[in-house]
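To start, the structure itself, in structure tokens.
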Amino acid sequence: MAKWVFKVSTFTPVAVADTANFTDEGYMGLMGGSATQRIDISDVYLGGQATSSAPTLMILGRDSTVQATPTALSTGNSNAALDPATAALAAPQIAFVASTTKPQRSATLAGLNLSYNAFGGIVRLQLPPGSEFKMLGNTAALLGEVSLSAYTGGTPGLTGAHIIYEPF
Amino acid sequence: MNSHRRHEGYLLIDNRFGPGVTAEFIRASGKDAPIVTEGQRFESATMTCAHCGVVVILNPDRTRPRHYCPKCDRYVCDNAGCGSECRSFDKLLDTMQEREFLKSQSGSILLTP
């Protein structure tokens, strides 16, 4: 298949504990487009945009409650194939930052702590082929949703981020 | 000759131009994370466990050997279940995906006696 990039130009992550509802526009979420869709996350980037010290506990984690009725991405945010020639998917994956039913980060499933200071900080995670952060389907039971969000503590600051992934 | 390092990812946390995060901040969160203080840059390899799919940030100072699964020919993490027997995470995902395919097809396949 082809690689896609989910980009949020600027947002202030809202710190929430595990298994608590995310706040709209305060996180990034990625979910499979069907029960059988696989997604491999290969690249995550966070760039701090805060204008004063903002220690931010960013977590790339699996969700134990998945979203429902996502809101379409607004200006400045996008989810598109890296190659413009990429064919449309029958069941496109869902990239979102807001939804009616709020997702919740799992307290037990695998996650990655990407803490940094959004005042001038940068985080970059690259995973090689075969070692990606893998997702399956579109339910919590199947590991079907992953979020990039802030954990309780600190003073999360303005951030720009992208997630590069491959659905298949 | 292949090296296991080909499976390694790369993590960069760059706080060279900012105040960074303090050890107290990380400890208070209760989460395990690299401590990258003011003016520091942290670079490390990551490893994805072949048995549970967790991405582990490798501690550059670790001297103990890491667990290895000869069947998967991959490193596995320190979780108790991962080092004991071979349970490939990729195979688990394949099985779960296959089950979902079969579920979605149930009722639409004609079985002849």
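If you read the sequences in order, they're chains G and D.
According to my numbering, the residues represented by the first sequence are 26 to 193, in order.
According to my numbering, the residues represented by the second sequence are 31 to 143, in order.
Don't be surprised by glycine CBs; every beta carbon is placed ideally from N, CA and C.
Alpha carbon of residue i to alpha carbon of residue j, nearest angstrom
i	j	result
residue 147 of chain G	residue 134 of chain D	43 Å
residue 180 of chain G	residue 105 of chain D	36 Å
residue 103 of chain D	residue 171 of chain G	27 Å
residue 77 of chain D	residue 188 of chain G	18 Å
residue 140 of chain G	residue 65 of chain D	8 Å
residue 38 of chain G	residue 84 of chain G	11 Å
residue 92 of chain D	residue 99 of chain G	44 Å
residue 61 of chain D	residue 61 of chain G	32 Å
residue 130 of chain D	residue 117 of chain G	17 Å
residue 101 of chain D	residue 33 of chain D	16 Å
residue 166 of chain G	residue 89 of chain G	8 Å
residue 159 of chain G	residue 76 of chain G	34 Å
residue 192 of chain G	residue 108 of chain D	29 Å
residue 116 of chain D	residue 98 of chain D	10 Å
residue 46 of chain D	residue 54 of chain G	29 Å
residue 69 of chain G	residue 59 of chain G	23 Å
residue 90 of chain D	residue 38 of chain D	13 Å
residue 164 of chain G	residue 91 of chain G	7 Å
residue 114 of chain G	residue 56 of chain D	41 Å
residue 57 of chain G	residue 162 of chain G	5 Å
Chain D residues whose Cβ lies nearer than 9 Å to that of residue i
i	result
residue 74 of chain G	Within chain D, no residue comes near residue 74 of chain G; the closest Cβ sits about 11 Å away, beyond 9 Å.
residue 119 of chain G	Result: empty, since nearest Cβ-Cβ is about 17 Å, beyond 9 Å.
residue 135 of chain G	79, 82, 83, 84, 85
Contacts around residue i, its chain only, beta-carbon distance under 7 Å, and the 5 residues preceding and following it disregarded
i	result
residue 49 of chain D	68
residue 157 of chain G	65, 66, 67
residue 86 of chain D	76, 77, 79, 107
residue 178 of chain G	40, 82
residue 105 of chain G	29, 30
Residue i: contacting residues in chain G (beta-carbon distance under 7 Å)
i	result
residue 49 of chain D	78, 142, 144
residue 69 of chain D	Under the 7 Å cutoff, chain G gives no residues; its nearest Cβ is about 10 Å from residue 69 of chain D.
Contacts that residue i makes with chain D (C-beta to C-beta distance below 7 Å)
i	result
residue 151 of chain G	39, 40
residue 158 of chain G	85
Close-in-space but distant-in-sequence residues of the same chain around residue i (CB under 8 Å, 5 per side omitted)
i	result
residue 123 of chain G	49, 50, 95, 96
residue 74 of chain G	35, 143, 182, 183, 184, 185
Neighbouring residues, chain D, relative to residue i (Cβ below 8 Å)
i	result
residue 176 of chain G	59, 61
residue 167 of chain G	126, 130
Cross-chain neighbours of residue i in chain G, by beta carbon under 8 Å
i	result
residue 127 of chain D	61, 63, 161, 162
residue 134 of chain D	60, 61
Cut-off 6 Å between Cβ atoms - residues of its own chain near residue i, not counting five sequence neighbours on either side
i	result
residue 96 of chain D	105
residue 53 of chain D	65
residue 108 of chain G	27
residue 71 of chain D	44, 46
Contacts of residue i in chain G (Cβ-Cβ under 9 Å)
i	result
residue 44 of chain D	141, 145, 146, 147, 148, 149
residue 76 of chain D	137, 150, 151, 152, 156
residue 94 of chain D	Here the premise fails: no neighbours, minimum Cβ distance about 21 Å.
Residue ranges of each beta strand (DSSP E) within the segment 54-100 of chain D, 3 or longer: With a minimum length of 3 residues, the unbroken runs of beta strand (DSSP E) contained wholly in the segment 54-100 of chain D fall at 71-78, 85-87, 97-99.
Alpha helix (DSSP H) runs contained entirely in the segment 127-164 of chain G, provided each spans 4 or more residues: none
Entirely enclosed beta strand (DSSP E) segments - the segment 80-117 of chain G, minimum 3 residues: 83-90, 93-95, 102-106
Selection of the segment 51-71 of chain G by Cβ proximity to chain D, strictly under 8 Å: 60, 61, 63
Interfacial residues, the segment 98-125 of chain D to chain G, with Cβ spacing under 7 Å: 123
Complete runs of the alpha helix (DSSP H) confined to the segment 168-193 of chain G [at least 4 residues]: none
Residues from the segment 79-100 of chain G in contact with chain D, defined by Cβ distance under 7 Å: Contacts with chain D (Cβ-Cβ distance below 7 Å) from the segment 79-100 of chain G involve 80, 82, listed in chain order.
In chain order, each beta strand (DSSP E) run of at least 3 residues that lies wholly inside the segment 33-62 of chain G: Positions of the beta strand (DSSP E) runs, each at least 3 residues long and wholly inside the segment 33-62 of chain G, are given as 52-56 in order along the chain.
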